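Heads up: the structure comes next, in structure tokens.
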Amino acid sequence: MSNLTINADRLIGHIEELGRLGRDGQGRLVRVAASDMDRLGRDRLVAWLQEAGLDVAVDRIGNIFGIWKDDTNAGQAPVMLGSHIDTVIDAGIYGCYGVLAGLEAIESLKEAGFAPARPIVVAAFTNEEGVRYAPDMMGSLVYAGGLDVEEALATVGTDGSVLGKELERIGYAGPHEPGFLEPHAYVELHVEQGPVLEREGIALGAVENLQGISWQRITIEGVANHAGTTPMAMRSDAGVAAARAIVFLADRAAASPTPTVATVGTIAFEPNAIDVIPSRATFTVDLRDPDEARLGEEEAALAAFLRGLATSANVSIRTERLARFAPVTFDPRIVSLIEDCALANSFSCRRMTSGAGHDAQMIARVAPSAMIFVPSRDGISHNPAEFTAAGHLAAGANILLGVAARLAAD
Ligand code: HGY
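Set out below in structure tokens:
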């Protein structure tokens, strides 16, 4: 199997072509889950799956599957290669890499006459990014039984839309029950989205664990008043209270003894007028740590700070949980297989933790799972400057192919 290799030109051509789909009037890539832009990417992926001769299936939460099976192996649990093709707002083009590399691995194995003992499936999970509908990794979470499909379909987005209605509108409210294929194993290839591999000059990451994630929406209610006539001591300023909370989060994470990270990525003031003291501030908090106990400590510290802030700033504060995922450890056997394949192909490889959330953390609930990373230039992601060199993209896809072939060989 060592002579099995992917068609790098075809893979990179697919990545670049998909990267041209779903751009807004400003040229930003915005294939946000279940939007018209997402449909453009979905339709193109389905066309490629069909051209590759795969059976295409869509489940009720819109997860897309390309299935390579034959009469000799159809009764076996499949090897699943997956990720997502939805994007954040103004994204880079490499988030879809794992899906397209999974398709490329299947196409190359078929062209090489490889006869797997079990089906090989490529999966594109709905709403991995969680930008429009929370939580993130929603499609794979539903698939793994961690969220009821009806509850997920009823999710109201940041734009007031309802996920289930949007999936129907774009034609991806599929018939299959989530979980209809129970994977024998799951492998996800993804760009690292961080600086480690590039900084160390290493070609591949064998990802052995993934950090915990806590998402909250915080609403601070103050009192609107005149910016010019209201003395500072008489204000209930929701904006200033939000600012104090943001600085608290940043300072505490920076001082953490563990790799805690804290991000306030969205904020909105009401009435949002230059000469009106904000009556309301609504913002989201993204807290992460590889250690579950430490993540809990950070959540508790924020809750305590907000209780004190409500008194000191004379405001009321409410919080709403949007997502909470404990850290995940991947399957050691598959991690070792990734390392073996990398080293057998003379690629440098190191074990590492994923800072980003991925569908693999959800599928790990129902099947042995692991991930492969390739370097991100300057560690940049969720940014149009995101880039991974062609040689790294090809290397990752070749290792994905090798791992898939080994897992499907018996
Ligand atoms: O939030 C994450 O880590 C992922 O990109 N959804």
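Each residue of the sequence shown is one higher than the last, beginning at 43 in the numbering used here. Note that the Cβ used here is the ideal one computed from N, Cα and C, for glycine as well. Here the structure is a predicted model, which means the values were calculated and not measured.
Proximity below 8 Å, CB of residue i to CB of residue j
i      : j      : result
Gln203 : Arg366 : In the sequence as presented, Gln is not what sits at residue 203; that position holds Ser. Result no, Cβ atoms of Ser203 and Arg366 do not sit closer than 8 Å.
Leu252 : Ser396 : yes
Ala165 : Gly124 : yes
Ala40  : Glu146 : In this structure the chain extends from 43 to 452, so residue 40 is not present and cannot be described.
Val121 : Leu449 : yes
Ala280 : Gly264 : yes
Leu205 : Thr197 : yes
Ile319 : Ala352 : no
Met79  : His232 : no
Pro177 : Leu364 : yes
Ile109 : Pro161 : yes
Ile48  : Ala227 : no
Ser278 : Ala355 : yes
Ile148 : Ala94  : yes
Ala446 : Ala50  : no
Ser321 : Glu312 : yes
Helix, strand or coil at residue i [DSSP, three-state]
i      : result
Gly188 : coil
Thr261 : strand
Phe252 : As written in the sequence, residue 252 is Leu, which differs from the Phe given in the question. Three-state result, Leu252: strand.
Met43  : In this prediction, Met43 has a pLDDT of 49, which is less than 50 and means its spatial position is unreliable; what the coordinates show is noted afterwards. Reduced to three states, the DSSP call for Met43 is coil.
Thr114 : coil
Met179 : coil
His434 : helix
Arg65  : strand
Asp333 : coil
Leu96  : coil
Thr353 : helix
Ile422 : coil
Tyr228 : strand
Val238 : helix
Arg52  : helix
Glu59  : helix
Ala86  : The displayed chain sequence assigns Arg, not Ala, to residue 86. Helix at Arg86.
Leu223 : coil
Gly270 : coil
Gly108 : strand
Cys138 : coil
Glu428 : coil
Ile244 : coil
Which listed residue (the options) has its alpha carbon closest to that of residue i
i      : options                        : result
Thr300 : Gly281, Gly254, Asp80, Ala323  : Gly254
Pro369 : Val327, Pro313, Pro158, Arg407 : Arg407
Met276 : His226, Val357, Gln403         : Val357
Ala297 : Arg336, Val327, Asp317, Ile262 : Arg336
Ser418 : Pro410, Ala398, Ala402, Ala412 : Ala398
Gly350 : Ala248, Ala284, Leu82          : Ala284
Gln403 : Phe372, Glu58, Thr430          : Phe372
Ile309 : Gln258, Val303, Val163         : Gln258
Ile212 : His424, Gly83, Ala154          : Gly83
Glu224 : Gln235, Ile376, Ala409, Thr305 : Ala409
Thr305 : Ile316, Arg360, Ser278, Glu341 : Glu341
Phe290 : Arg360, Ser321, Ala345, Arg160 : Ala345
Val282 : Arg160, Ile359, Val303, Gly188 : Ile359
Glu428 : Ile57, Ala50, Arg52, Asp51     : Ile57
Leu60  : Ala446, Thr114, Gly140, Gly67  : Gly140
Asp101 : Glu192, Glu339, Arg393         : Glu192
His268 : Asp317, Gln235, Glu339, Asp293 : Asp317
Glu362 : Gly338, Gln68, Thr261          : Thr261
Val238 : Ile131, Leu63, Arg393, Asp401  : Arg393
Val229 : Leu385, Lys111, Ser378         : Ser378
Gly181 : His400, Asp331, Thr430         : His400
Ala143 : Gly338, Gly67, Phe415, Asn314  : Phe415
Pro374 : Ser411, Ile244, Ala343, Gly444 : Ser411
Gly104 : Met179, Ala119, Thr326         : Met179
Gly188 : Glu234, Gly155, Ile405         : Ile405
Is it true that the region 72 to 82 meets the region 164 to 171, where meeting means three or more beta-carbon pairs spaced less than 8 Å apart?
-> With contact defined as three or more Cβ pairs closer than 8 Å, the region 72 to 82 and the region 164 to 171 are in contact.
Segment contact, 8 Å Cβ cut-off, at least three pairs: the region 136 to 144 with the region 209 to 224 | Taking a cut-off of 8 Å for Cβ pairs, the region 136 to 144 and the region 209 to 224 do not touch, as fewer than three such pairs fall below it.
Lining residues of ligand 1 - beta-carbon closer than 5 Å to any non-hydrogen atom, in sequence order | Taking each Cβ in turn, the ones that pass are Glu171, Asp178, Ala398, Gly399.
Any 3 or more C-beta pairs closer than 8 Å across the region 386 to 394 and the region 434 to 441 = The answer is yes - the region 434 to 441 touches the region 386 to 394, with three or more Cβ pairs under 8 Å.
If we count Cβ pairs, one from each stretch, closer than 8 Å, do we get three or more for the region 413 to 429 versus the region 193 to 202?
-> Judged by Cβ distances under 8 Å, the region 413 to 429 makes no contact with the region 193 to 202, as fewer than three pairs qualify.
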